[in-house]
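Take the sequence shown: its position 385, counted from the start at 1, is 385 in full-length UniProt numbering, and no numbers get skipped. Even glycine gets a Cβ: it sits at the ideal position worked out from N, Cα and C. The structure appears right after this line, and notes come after that.
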Amino acid sequence: MGGQTGGTASRWWRRGRDAALQDALREAQQAREAAAAAMLDLDAELSGLSVDVAAHEDAAAPRRAAHRSPAPDPLVQDWRELSGRTDAVIGEYLSALADHDPAYPADVAAVQGARARLERAAAALRDVLPLVRQFRARHERALAQARGARTLAPRRVAEAAAAVDRARSALDATGGQVADPGLAGALEAAVRAAAEARAALDAGRLTAAGGAAETARAAADSVAQRAAALPARAADVRRGAASVRTRQEALRTRHERLAPVMSELRRRYTHRAWADVEAAPQRAAAALAEVDETLTRLDRLLGAPVLDVPAAAALLEQVRGAASRAEQEIRSASDRLSRLDTASADPGALLATVQRELVDARRFLATLPEGRGQRFRSTFDNLARRLQALETEVRGSRPDWGHVITEAGSIEDGLAAMIRTARAG
């Protein structure tokens, strides 16, 4: 009987121990699940934060360097403190998780100890969660800007790569008949900038990536636009060259007619009246020689198998400038003779024109407030006296017609300048 009683007690004791262990395991599993749920909540709240903070720090670094600010960035400082705390809490959770292996249960005391650690870890995870939310709320604007930069940088890098491809296609489309030697180097620079942008993006340097991408895109777009414009520019140069050739012939004819013009000036008017245009024929001849020489160089470029469009356009501008100088010199001598002839034939008309402008100026000054009008009274009186002196000279026996037209023009310019100043206040 005593043996049977001892066996029965042993079985009851084992059943009681197994029940206690099962209860402890169930409670530990509940603690494990609660801790896992708390960890999931914290992980969701932490999601992307470290990357956003890194993006903010990367973007803020150049500004802080420019302002030489030694103080730590508030957002970065707050994050370092918070992340240190969250890392510690998460580490404690992972350690507690490792101590609890439901597949290999130990004794009740060990399971209860693991449950207690899991419960403490869950509580710590729940305690730190509001701090993360507060951090997000406190730095919401800066974090949003950082997320924007994090989203924008890859898009800019992709756009830069696409722009480089378009630039290559535009260069290929020129067909090899027109060229811009500078485009190859510009495209290489765009390719290098695009590669720098990609490398910076891969390294997480979003600000540098965005800047390099923008440089690459702008350079590539410029290459594409210039390449696309080459055929039209080449056609413009060819038309311009043909126009200058026609103009060249007309200028030669007009230059040949300068000799009798200069002869008339020397014969009929004093040297003072035309001294400033005396060398006009020689200056026109020099400009025409430049037209001839530059047109020859331009024709060689236009006849090449591949037209260097920028070089041809530069020569076209040069030859146009030389033609304009030749035309100006020819016109200066011809116009001088015409003005002198007009003034000497009918000086009264010239004086009447100046007199009308003087009257108009007087009327204008009369409309001004008295104080403002008085400011210009001495200027007006001086110009009126000069006109009177000019009228006296014209009525003389041998007027200096060169001085007459020069002085008339000077009086007109003086009246116009006075009115402009008065209107300006």
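Leucine 125 and aspartate 165 have their alpha carbons spaced roughly 50 Å apart. 9 Å or more divides the Cβ of alanine 275 from the Cβ of valine 223.
For serine 378, the uninterrupted alpha helix (DSSP H) run begins and ends at 377–394, by DSSP.
With respect to the 9 Å criterion, serine 332 and valine 277 are classified as neighbours on the basis of their beta carbons.
For alanine 179, the secondary structure class from DSSP, reduced to helix, strand or coil, is strand. Less than 9 Å separates the beta-carbon of valine 53 from that of tryptophan 79. Within its own chain, the residues whose Cβ lies closer than 7 Å to the Cβ of leucine 337, once the five positions on either side in sequence are excluded, are Val261, Glu264 and Leu265, listed in chain order.
By a beta-carbon distance limit of 8 Å, arginine 136 contacts leucine 143. Their separation comes to about 7 Å. Segment contact: the segment 313–327 against the segment 340–353, fewer than three CB-CB distances shorter than 8 Å; contact not assigned. Leucine 368 sits in coil when the DSSP states are folded into three classes, being neither helix nor strand. Rounded to whole angstroms, glutamate 317 and leucine 368 show a C-alpha spacing of 47 Å. In terms of Cβ geometry, isoleucine 411 and valine 354 form a close pair [threshold 9 Å].
By the beta-carbon neighbour count (other beta carbons within 10 angstroms, threshold 16), histidine 271 is exposed.
Inter-residue distance for leucine 75 and alanine 122 is about 27 Å (C-alpha atoms, whole angstroms). Using a Cβ distance threshold of 9 Å, valine 111 and alanine 24 count as a contacting pair. Excluding residues up to 5 positions away in sequence, Ala170 lie with their Cβ nearer than 7 Å to the Cβ of alanine 228 in the same chain. Using a Cβ distance threshold of 9 Å, histidine 56 and glutamine 134 do not count as a contacting pair. Per DSSP, valine 223 is one residue of the alpha helix (DSSP H) stretching across 206–256. Out of Arg398, Gln328, Leu415 and Ala289, the CA that lies nearest to the CA of arginine 356 is found in Leu415.
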